[in-house]
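Numbering (the working numbering), first residue to last: 1233 to 1590. Below is one structure, written out as structure tokens; the observations come after it.
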Ligand code: IPM
Ligand code: MN
């Protein structure tokens, strides 16, 4: 197969980790007889520096003409002082929204070789930790009306409107139920229905959609309780579906309990096969250029691309099992290092995984 991939290296460690994922993709293409053509495009801080905006039109155009997008990370202290719409993050939110990427899949799985890196007690993780957060990505407080103003009493005030319509909730719930069919058959819908109207609407619709999936075990859970259950007994969860802001927070928590934020990939999907793939972690400007970055989350994001956008199951399996083999052999980047293991840098880790694609 021939596929077009738009590459957004971004800022901080973004370029280093994307380079390693591309090496892995190229080896996979060679091994399985595919051709991947890459077009690098600008987004984030580097786009602000070079074009004056965080998301140039040209970037969106190239992404739309591609089969998928691979993204490193955006952001950094250099651009933190900019106005909201001139920050690198505005590029990320803009591309998610412009490309209709409403379904963000964030798997959190404790890999056996990394059991040591997990901060939870063995008695908890022995029960298993393999869950999927399905985060609504283009609605809620991230995209509602934002205002900063002086109120009638003279106080400086800001508001972020949290808004959801029924169709937005329904389609993301459907994504979650469909994914649960291919996993352990359980969906937990997370909300704050004891306080928020958006959550009450969410819960009603989640219930309705659950009626169409009688074989899927369904429950609702309040977001504060979910945060607690994730560390008390993560084996309780299979698929978690939730709104944008709750999903952002819970996915960082879920990834940390697997050992490192540096391990968790994500897929952001539109209707159909198109998707944008990026690690859950950020641009880590403090370690950019030092070789300390862990490229595994980006490499696993590329594996998700193979699986979800290209329908290449064997190829995706090959990448995931190469990652496993390298970890089993004891190689570690700094963030997941533990006693008796061998410390390698970003390039070495990418090279080892590439060599293990079979
Ligand atoms: C993420 C990130 C982004 C988000 C930021 C960088 C805007 O934290 O992908 O989780 O909040 O969605
Ligand atoms: Mn986040």
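Cβ atoms here follow ideal geometry from the backbone N, Cα and C, with glycine treated the same way.
query: For the stretch 1530–1539 against the stretch 1564–1580, do three or more pairs of beta-carbon atoms, one drawn from each stretch, fall closer than 8 Å, so that the two count as touching?; result: no
query: Can you name the residues that DSSP bridges to residue 1268?; result: 1235
query: Sorted by chain position, which residues of the same chain lie with C-beta nearer than 6 Å to residue 1576's C-beta, five sequence neighbours on each side aside?; result: 1563
query: Mind checking whether residue 1330 and residue 1403 have CB atoms under 9 Å apart?; result: no
query: Look up residue 1399 in the DSSP assignment and say whether it is helix, strand or coil.; result: helix
query: Compare the C-alpha of residue 1541 against each of 1462, 1337, 1424 and 1380 and name the closest.; result: 1337
query: Is the closest heavy atom of ligand 1 to the C-beta of residue 1384 under 8 Å?; result: no
query: From the DSSP output, in three-state form, read off residue 1202 for me.; result: Outside the displayed span of the chain (1233 to 1590) sits residue 1202, for which this structure offers no information.
query: In whole angstroms, what separates the C-alpha of residue 1464 from that of residue 1442?; result: 26 Å
query: Less than 8 Å separating the Cβ of residue 1243 from some heavy atom of ligand 2?; result: no
query: Quick check on the burial criterion: 16 or more other C-beta atoms within 10 angstroms. Buried or exposed for residue 1491?; result: buried
query: For residue 1480, count neighbouring C-beta atoms within 10 Å of its own C-beta (all shown protein chains included) and say buried if the count is 16 or more, exposed if not.; result: buried
query: Where does residue 1439 sit, in a helix, a strand or coil, going by DSSP?; result: helix
query: Would you check whether ligand 1 has a heavy atom nearer than 8 Å to the C-beta of residue 1290?; result: no
query: CB residue 1484 to CB residue 1453, shorter than 9 Å?; result: no
query: Am I right that residue 1408 and residue 1455 are in contact with their C-beta atoms under 8 Å? What's the rounded C-beta distance?; result: Incorrect: roughly 15 Å between the Cβ atoms, too far for contact.
query: Taking C-beta to C-beta, are residue 1291 and residue 1274 nearer than 9 Å?; result: yes
query: Please indicate yes or no: does the CB of residue 1447 lie closer than 8 Å to some heavy atom of ligand 2?; result: no
query: Drop a sphere of 10 angstroms on the beta-carbon of residue 1309, count the other beta-carbons inside from all chains shown, and report buried for 16 or more, exposed for fewer.; result: exposed
query: Between the stretch 1513–1526 and the stretch 1358–1369, do three or more beta carbon pairs fall short of 8 Å?; result: no
query: Among all the DSSP beta bridges, which residues are the ones paired with residue 1368?; result: 1335
query: Here's the rule: buried if 16 or more other CB atoms are within 10 angstroms of the residue's CB, otherwise exposed. What is residue 1345?; result: buried
query: Where does residue 1474 land, buried or exposed, given buried means 16+ other C-beta within 10 angstroms?; result: buried
query: By DSSP, does residue 1453 sit in helix, in strand, or in coil?; result: strand
query: Taking only three categories from DSSP, how would you classify residue 1190?; result: Outside the modelled stretch of the chain, which goes from 1233 to 1590, sits residue 1190, for which no answer is possible.
query: What number of angstroms, rounded off, separates the C-alpha of residue 1508 from the C-alpha of residue 1387?; result: 41 Å
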